[in-house]
Amino acid sequence: MLRRVQVIADFQFGGNVGPSLFPEGCTFIHSTTGRVRQVLFEGIRLATVRASDGRLTLGIEGARRLKEALPAPGYRVTIRDDVAEFVAKGKNAFAKHVTAADPQIRAGDDVIVVAGDDRLVACGAAAVSGPEMLAFNYGVAVKVRQGSEKDASGKHQSAPDEGDDEEARHECRAD
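Here the numbering used here is used: the first residue of the sequence shown is 1064, the next is one more, and so on.
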């Protein structure tokens, strides 16, 4: 199983990133048909294998490992520092905020979003190609799947807002 997901990573991201992304000791969650669904390391999700095409969707810890394994600009989308905080909370990265993008990125590829100092901000799916991210001044460039300010399970770690309760939200709703 380990070698299989390493080969998928090598194919999808190029180079020899498989062993860096998925080290010895990874565990797997299988579907009811026995196929690999998720790859975990020490209980933290690194990636999910998409059933539709067999490609990997990265978790934030998997994105960290990929960033270390691939030299810049490999599968990186660099955004302006002034919007990094919002993207780190899971908001999409817009084309007008992109300052650099790997020219090899194609629409649909899993990418890592970094700030100007190559600091990991988020991971997600490219909505357009790398060159298009730089050419467009509007629209989504990366559909963020997980920001760095969420823990590895995907749960948001913000403090609960005292004024945010379920009943208050429903009172304003038009039924």
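C-beta: ideal position from N, C-alpha, C; glycine also.
Apart from sequence neighbours up to five positions away, the residues of its chain that approach L1084 with a beta-carbon distance below 7 Å are A1072, L1109, G1125, R1128, L1129, A1132, ordered along the chain. Check the Cα spacing between G1117 and each of R1067, F1149, E1105: the tightest is with R1067.
Assignment of R1113 by DSSP, reduced to helix, strand and coil, places it in the coil class.
Where K1130 is concerned, the enclosing alpha helix (DSSP H) starts and stops at 1123-1132.
In this structure, M1064 is the residue among M1064, P1082, K1159, A1164 with its C-alpha nearest to the C-alpha of R1100. Take G1171, set aside five residues on each side of it, and the residues of its chain with a beta-carbon closer than 8 Å to its own are A1188, A1189, in chain order. Collapsing the DSSP output to three states places Q1101 in a strand. The Cβ-Cβ distance between R1139 and D1165 falls below 7 Å. Here the alpha carbon of F1199 sits roughly 14 Å from the alpha carbon of I1142. Distances from the CA of H1160 to each of I1175, A1151, Q1167, D1144 were compared; the closest alpha carbon is that of D1144.
The C-beta distance from V1176 to A1156 rounds to 5 Å, short enough to meet the 8 Å contact threshold. Following the DSSP letters along the chain, one finds I1071 inside the alpha helix (DSSP H) bounded by residues 1065-1076.
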